[in-house]
Amino acid sequence: MAVNLDGPAVELRESRLGTITGYDGDAAHLLSRRDIPNRERSFTQCGSCGADQVMNMLSQIQDAAVVEHGPAGCAGDIPMRNGVFRLGNKRMDYPVHNVKYINTNLNEQDTIFGGIAKLERAIREAYRRFQPKAIFVTTTCASAIIGDDVPSVCNELEEELGIPVIATACEGFRTNIWATGFDSASHSILRKIVKPPQRKQPDLINVISFEHRHVYDSVFAQLGLRPNHIVPLSSIDQLEHISEAAATVQYCETLGSYLAGGLEQHFGVPEVKAPAPFGIKATDELLREIGRMFHKEEEVEKVILSEKEKIAADLERLRSRLQGKRAFIGAGGPLAYSIMALIKDLGMELAGTCVWHHDQKYDNDDERINFLRFGVGEYGNFRVGVCNKQSFEVVNAIHKCQPDVAITRHVSTVWAAKLGVPSMFAGNHPTEMLYDGLIRFGQSIDDVISNPVYIKNIAKHSKLPYTDWWLKQATYSFLGGENNV
Amino acid sequence: MSEMIIQAPRHACTLGGQQTVVAIERAIPILHAGPGCGAKLHRGLSVAGGYQGAGYAGGDAMPCTNMIEKDVVFGGVDKLKSVIEGTLKVMDGDFFVVLTGCTSDIIGDDVGEVVGAFREQGIPIVYAETGGFKGDAYKGHDLVLRAIIEQYLKPAEKKEKGLVNVFASVPRHDPFWEGDLNEIKKLLAGIGLKANILFGHNSGGIKALDAIPAAEFNLVVSPYIGLGAAQLLQEKFDTPYFHYPVLPVGGTETSKFLRAVAEFADVLTPAAEAFITEKENEFYHYMVRAADLLTEYQLNQPKRFYNINDASYALAFSKFMVNELGFFPVHQFITEDVPEEYRSPVASYFQELAPGISSDVTFEQDGGVINETVRSRKTVTPPLVLASSWELDLAKEISGLQLSVGLPIIDRLILHRNYAGYTGGLNLVEDIYSRLLSKSRE
Chain A
9 MAVNLDGPAV ELRESRLGTI TGYDGDAAHL LSRRDIPNRE RSFTQCGSCG ADQVMNMLSQ
69 IQDAAVVEHG PAGCAGDIPM RNGVFRLGNK RMDYPVHNVK YINTNLNEQD TIFGGIAKLE
129 RAIREAYRRF QPKAIFVTTT CASAIIGDDV PSVCNELEEE LGIPVIATAC EGFRTNIWAT
189 GFDSASHSIL RKIVKPPQRK QPDLINVISF EHRHVYDSVF AQLGLRPNHI VPLSSIDQLE
249 HISEAAATVQ YCETLGSYLA GGLEQHFGVP EVKAPAPFGI KATDELLREI GRMFHKEEEV
309 EKVILSEKEK IAADLERLRS RLQGKRAFIG AGGPLAYSIM ALIKDLGMEL AGTCVWHHDQ
369 KYDNDDERIN FLRFGVGEYG NFRVGVCNKQ SFEVVNAIHK CQPDVAITRH VSTVWAAKLG
429 VPSMFAGNHP TEMLYDGLIR FGQSIDDVIS NPVYIKNIAK HSKLPYTDWW LKQATYSFLG
489 GENNV
Chain B
106 MSEMIIQAPR HACTLGGQQT VVAIERAIPI LHAGPGCGAK LHRGLSVAGG YQGAGYAGGD
166 AMPCTNMIEK DVVFGGVDKL KSVIEGTLKV MDGDFFVVLT GCTSDIIGDD VGEVVGAFRE
226 QGIPIVYAET GGFKGDAYKG HDLVLRAIIE QYLKPAEKKE KGLVNVFASV PRHDPFWEGD
286 LNEIKKLLAG IGLKANILFG HNSGGIKALD AIPAAEFNLV VSPYIGLGAA QLLQEKFDTP
346 YFHYPVLPVG GTETSKFLRA VAEFADVLTP AAEAFITEKE NEFYHYMVRA ADLLTEYQLN
406 QPKRFYNIND ASYALAFSKF MVNELGFFPV HQFITEDVPE EYRSPVASYF QELAPGISSD
466 VTFEQDGGVI NETVRSRKTV TPPLVLASSW ELDLAKEISG LQLSVGLPII DRLILHRNYA
526 GYTGGLNLVE DIYSRLLSKS RE
């Protein structure tokens, strides 16, 4: 089994999925092997860490608490996570409240004598203050290097408090592939929260996503399916029962590969084996697969027809406006490939890509969920740069290809604007998915492109922090190792 | 304070000193730290500080060694050297500051040696050991200032009459730093002094740093932050300093502040007096205009206030609320890790805010404890809660009026807004009562 639920630490993506963060070659080559070696950089800018992405999921659970065992700076992500959490609840009309989070505030003395006593106190306080249904205890570089035995404390307090107290190993130095944080969070949920199914719910389908819970709304109601959105904004009770769903669907294997893999391999909930629903062809494919799994083939065909009919006029209008425009895409592994499909469906050209990491396989090892294979098959080969969110490479790439629009995620959209290129945020997923998503996405691009005055002004009054020398170099000239094809 | 845990985190860690570097024009921070540190701190201090943006070379533009397991085992010195070399080619900067994180400080990388070798080649580069476990980002700010003073600054050929280095708001940490520093600069210009504010738009970058030793004196405008730097500058360059503990907000305090500075600098001329009077009158012109609203009670106006903020703003706003608006203090919470030696002087500044009006102060980094303390106190009328976005729910619970004026501020966009000075007082009045009005009318 690919997903191994023993112990508090998840197996890293490097070994599990052959994940790489440095590559400069074409997509077909990337698909031709599964053992492409990673290429390291000799110059790097700030990346991200697993502990950050762990919070992206765990801090967003309604009635769980998170205790982060580390110095207070490790909580730097928490104020904005709180913002996302509050907005998510507001948007769904759920009660709005702050995240249930405590940091152990490790100090100099603790790095010498250990911080276990403080951790115990923080866990007890989290229990007293928040009355949570579960407490996730996450590790950091400092707590791991000083060797605090977090799992033992968790086990002791789990017994004392009578709720799951879950050690989640995610110290930042373990890996530069920060998406591993999603796996660490999923690992803890699968290992300690999800219960064996009491009764299967044949119309229930798990949807792995972020805070926006209207994903798939436009089609699931028509098909009589009940979406079970996980993990952000879920309750512990809800997560305990995700094993009872008839299937799991997601929109990005970076986020959900491990959770979907664990649900299939350990709890018998199959993942929908189809590309994520970005663009018309992938959406057709995914809905048909759902139709097969839920024995609703005919209903699905009707939905496909009527949904396509609904967007036909808008699609034609947008295509006529966007035809031949060139887009640069900077996003995580499969999401960048998914956005490529949207671009092509809108009649646009792909000007360049920077992909934050590339997984050479997924936890459910099935090529039908590999969007890159699907994309290359349907839309043709293209050039891929894997750059681990290195903004100097992204800026260099955008500067070189001079696109009409830069679509980025994680790396700030502002850098493209400072180059005078209209830019927009990618991955606001409900905006982009399914048939109606294609229209919303195309409209956003059209809006961004059609009045570039603000962007041009930004560029006119900005100086990028890069030398002219750098902007003239090949984008991936700091990559070591052997050249890719 | 080893037992202190933190709910509702605000002031991050020592490595937050990266923000001080980003605020120096064309300066480049280089992090020798884990892969997530820079991104988290940028979000916690810049983004959650009223959406300040990446600046010139902040956010994901900051070079970083992204230390991983093999660096923990074998040391990260070679990687640091390689990243500094890359930085000098790729990044267009005038000044470079290497900041270390927990990982480097715990495993004991000799960063001083690496950086020293670059400095010997004539590169303007310094380093600060800012491992996050050493304290909060205010401490990081102090460590960065010390690094610049100790490792970079050279004695000036001669002092420049009227030139003043200003140590007040902590840049890119205090959400209102840029507006405040520029306001102080304008005010000092009004009394004939030339302020070297060091940080932000048009502050001069490396030239401003170079000018530090030439100043006639250093001005510290805060209860204690910046004092360490001023004392070090006195030791090193024989520059005297003037410590004014209250960040002045509004008419009374700003005039008091300007007269005190002018007297210290011996520039209390008739022209300076005329400037002070003119600005003070302008301030009160608008305060009088506000009185039609402020003296009526249809909107259930608050009359009592809490501050949940850093020492500087908690004190500044307490003075303002009591002296300019006639409010009463309930209790003030100081949210940063104030060094032990400054706690009692800081608390004493809250005594006699006005004749017969004092406030108790609690030094508390843990938002959970603050919440419980506030909940346990009953106020007769709904209080004003001058706090952060963390306190939106707390204020609702106690039917208070909340305004986010301290980190984290995720419900406001802050660009050049200032609370310091005469205009700062007017801004605060506008913000408090606009919040009240919008809540009443929506």
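Protein chains in written order, with our numbering: chain A, 9 to 493; chain B, 106 to 547. Beta carbons: idealized from backbone N, C-alpha and C, even for Gly.
Run of the alpha helix (DSSP H) containing Glu457 (chain B), from where it starts to where it stops:
As a first step, residue 457 (chain B) is located in the second sequence; it is residue number 352 there, counting from the start. Note, Glu457 (chain B): premise wrong, no alpha helix (DSSP H); not H, not E.
Any beta carbon of chain B sitting closer than 9 Å to that of Val158 (chain A)?
Within the first sequence, the letter at position 150 stands for residue 158 (chain A). No, Val158 (chain A) does not count as interfacial toward chain B.
Check whether the Cβ of Arg129 (chain A) lies closer than 9 Å to any Cβ atom in chain B.
Locating residue 129 (chain A) in the first sequence gives position 121, where the first residue counts as 1. True, the Cβ-Cβ gap to chain B drops below 9 Å.
Around the C-beta of Asp373 (chain A), are 16 or more other C-beta atoms found within 10 angstroms, so that it is buried, or is it exposed?
Translated into positions along the first sequence, residue 373 (chain A) becomes position 365. Burial call: exposed.
Using a beta-carbon distance below 9 Å, is Val394 (chain A) in contact with chain B?
Residue 394 (chain A) sits at position 386 when you count from the first residue of the first sequence. False, the Cβ-Cβ gap to chain B never drops below 9 Å.
Given Ala377 (chain B) as reference, the closest of B:Gly297, B:Ser464 and B:Phe347 once Cα atoms are compared:
On the second sequence, residue 377 (chain B) is found 272 positions in, with the first residue counted as 1. Closest by alpha carbon: B:Gly297.
Verify whether the separation of the beta carbon atoms of Ser494 (chain B) and Ile514 (chain B) is less than 9 Å.
What you label residue 494 (chain B) is simply residue 389 of the second sequence in a count that begins at 1. What you label residue 514 (chain B) is simply residue 409 of the second sequence in a count that begins at 1. Closer than 9 Å, so yes.
Tell me, please, whether the CB atom of Lys312 (chain B) is closer than 9 Å to any CB atom in chain A?
Your numbering for residue 312 (chain B) matches position 207 in the second sequence. It does not: the Cβ of Lys312 (chain B) has no partner Cβ on chain A nearer than 9 Å.
Whether Phe433 (chain A) touches Gln53 (chain A) by CB criterion (9 Å):
As a position in the first sequence, residue 433 (chain A) is number 425, starting the count at 1. As a position in the first sequence, residue 53 (chain A) is number 45, starting the count at 1. It is not a contact, given that the beta carbons lie outside the stated cut-off.
Spatial neighbours of Glu252 (chain A) in its chain, beta-carbon cut-off 6 Å, leaving aside the 5 residues before and after
As a working mapping, residue 252 (chain A) is identified with position 244 in the first sequence. The residues are Pro205, Lys208 and Gln209.
Whole angstroms is fine: what's the gap from Gly26 (chain A)'s alpha carbon to Trp186 (chain A)'s?
Here residue 26 (chain A) corresponds to residue number 18 of the first sequence, with the count starting at 1. Here residue 186 (chain A) corresponds to residue number 178 of the first sequence, with the count starting at 1. Going by the C-alpha atoms only, they are around 14 Å apart.
Let's see if you can read the secondary structure: which residues bound the alpha helix (DSSP H) around Val195 (chain B)?
Position 90 of the second sequence holds residue 195 (chain B). Counting along the chain, the alpha helix (DSSP H) containing Val195 (chain B) begins and ends at Val182 to Val195.
In whole angstroms, what separates the C-alpha of Asp292 (chain A) from that of Gln470 (chain B)?
Locating residue 292 (chain A) in the first sequence gives position 284, where the first residue counts as 1. Locating residue 470 (chain B) in the second sequence gives position 365, where the first residue counts as 1. The straight-line gap from Cα to Cα measures roughly 53 Å.
Should Ser420 (chain A) and Gly164 (chain B) be called a contact, given that it needs their Cβ atoms to be closer than 9 Å?
The count along the first sequence starts at 1 and reaches residue 420 (chain A) at position 412. The count along the second sequence starts at 1 and reaches residue 164 (chain B) at position 59. Cβ atoms of Ser420 (chain A) and Gly164 (chain B): closer than 9 Å.
Chain A partners of Asp241 (chain B), CB-CB under 7 Å?
For the purposes of this step, residue 241 (chain B) is taken as the residue at position 136 of the second sequence. Those are Ala80, listed as they occur along chain A.
For Glu248 (chain A), which option in A:Ser458, A:Ala59, A:Ala414 and A:Leu198 has the closest C-alpha, if you only look at C-alpha atoms?
Stepping through the first sequence from its first residue, residue 248 (chain A) is reached at position 240. It is A:Leu198 whose Cα lies nearest to the Cα of Glu248 (chain A).
Backbone secondary structure at Glu219 (chain A) - three-state DSSP
Position 211 of the first sequence, counting from 1, holds the residue named residue 219 (chain A). In the structure shown, Glu219 (chain A) sits in coil (DSSP, three-state: anything other than H, G, I, E or B).
Pull out every residue of the stretch 156–187 of chain B whose Cβ sits closer than 8 Å to any Cβ of chain A, in chain order.
Gly158, Ala159, Tyr161, Ala162, Gly164, Asp165, Ala166, Met167, Pro168, Cys169, Thr170, Asn171, Met172, Ile173, Glu174, Asp176, Val177 and Ser187
Answer with buried or exposed for Ser107 (chain B), where buried requires no fewer than 16 other C-beta atoms within 10 angstroms of its C-beta.
If you number the second sequence from 1, residue 107 (chain B) lands on position 2. Residue placement at Ser107 (chain B) is poorly supported in this model, since its pLDDT is 46, which falls under 50; the coordinates still yield a value, given next. When all chains shown are included, Ser107 (chain B) counts as exposed.
Cβ closer than 7 Å: which chain E residues qualify as neighbours of Asp60 (chain A)?
The chain labelled as chain E is not found among the protein chains of the depicted structure, namely A and B.
Since Ala273 (chain B) contacts Gly180 (chain B) with CB under 8 Å, what's their CB separation in whole angstroms?
Your numbering for residue 273 (chain B) matches position 168 in the second sequence. Your numbering for residue 180 (chain B) matches position 75 in the second sequence. Rounded, the Cβ-Cβ distance is 39 Å, inconsistent with contact.
Report buried or exposed for Trp478 (chain A), applying the criterion of at least 16 other Cβ atoms within 10 angstroms of its Cβ.
Here residue 478 (chain A) refers to the residue found at position 470 when the first sequence is read from its first residue. With 16 or more other Cβ atoms within 10 Å, it is buried.
Helix, strand or coil for Ala321 (chain A) per DSSP?
For the purposes of this step, residue 321 (chain A) is taken as residue 313 along the first sequence, with counting starting at 1. In this structure, Ala321 (chain A) counts as helix in the three-state DSSP scheme.
Less than 9 Å between the C-beta atoms of Asn491 (chain A) and Asp32 (chain A), yes or no?
Translated into positions along the first sequence, residue 491 (chain A) becomes position 483. Translated into positions along the first sequence, residue 32 (chain A) becomes position 24. Against a cut-off of 9 Å, the Cβ pair of Asp32 (chain A) and Asn491 (chain A) comes out as a contact.
Cβ contact check for the stretch 193–207 of chain B and the stretch 221–232 of chain B: 3 or more pairs under 8 Å
yes
Identify the continuous beta strand (DSSP E) that holds Ser327 (chain B) and give its terminal residues.
As a first step, residue 327 (chain B) is located in the second sequence; it is residue number 222 there, counting from the start. Premise fails: Ser327 (chain B) is in no beta strand (DSSP E) and is neither H nor E.
Mind checking which residues open and close the alpha helix (DSSP H) that includes Thr291 (chain A)?
Residue mapping note: residue 291 (chain A) aligns to position 283 of the first sequence, counting from 1. Counting along the chain, the alpha helix (DSSP H) containing Thr291 (chain A) begins and ends at Ile288 to Met301.
If contact means a Cβ-Cβ distance below 7 Å, which residues of the stretch 216–250 of chain B contact chain A?
Gly237, Phe238, Lys239 and Asp241
With a cut-off of 9 Å, does the C-beta of Ala83 (chain A) fall near any C-beta of chain B?
Counting from 1 along the first sequence, the entry for residue 83 (chain A) is found at position 75. Yes - at least one Cβ of chain B is within 9 Å of the one on Ala83 (chain A).
What would DSSP say about Thr550 (chain B), mapped onto helix, strand or coil?
Examination of residue 550 (chain B) is not possible in this model, given that chain B is present from 106 through 547 alone.
Please report the distance separating the alpha-carbon of Tyr524 (chain B) from that of Pro328 (chain B).
For the purposes of this step, residue 524 (chain B) is taken as residue 419 along the second sequence, with counting starting at 1. For the purposes of this step, residue 328 (chain B) is taken as residue 223 along the second sequence, with counting starting at 1. For Tyr524 (chain B) and Pro328 (chain B), the distance between alpha carbons rounds to 16 Å.
Identify the continuous alpha helix (DSSP H) that holds Phe223 (chain B) and give its terminal residues.
What you label residue 223 (chain B) is simply residue 118 of the second sequence in a count that begins at 1. Start and end: Val216 to Glu225.
From Pro488 (chain B) to Leu337 (chain B), what does the alpha carbon distance come to, in whole angstroms?
Within the second sequence, numbered from 1, the residue matching residue 488 (chain B) stands at position 383. Within the second sequence, numbered from 1, the residue matching residue 337 (chain B) stands at position 232. Their backbone Cα atoms lie some 42 Å apart in a straight line.
Whole-angstrom distance between Asp191 (chain A) and Ala10 (chain A), CA atom to CA atom
One-based indexing of the first sequence puts residue 10 (chain A) at position 2. One-based indexing of the first sequence puts residue 191 (chain A) at position 183. Cα-Cα distance, rounded: 12 Å.
Would you grab the beta carbon distance between Ala177 (chain A) and Thr147 (chain A) for me? Rounded to a whole angstrom, and I think it's under 8 Å.
The residue labelled residue 177 (chain A) in the question sits at position 169 within the first sequence. The residue labelled residue 147 (chain A) in the question sits at position 139 within the first sequence. Right, their Cβ atoms sit about 5 Å apart.
Cα-Cα separation, Val392 (chain A) to Cys118 (chain B)
Position 384 of the first sequence, counted from the first residue, corresponds to residue 392 (chain A). Position 13 of the second sequence, counted from the first residue, corresponds to residue 118 (chain B). In a straight line, the C-alpha of Val392 (chain A) is about 37 Å away from that of Cys118 (chain B).
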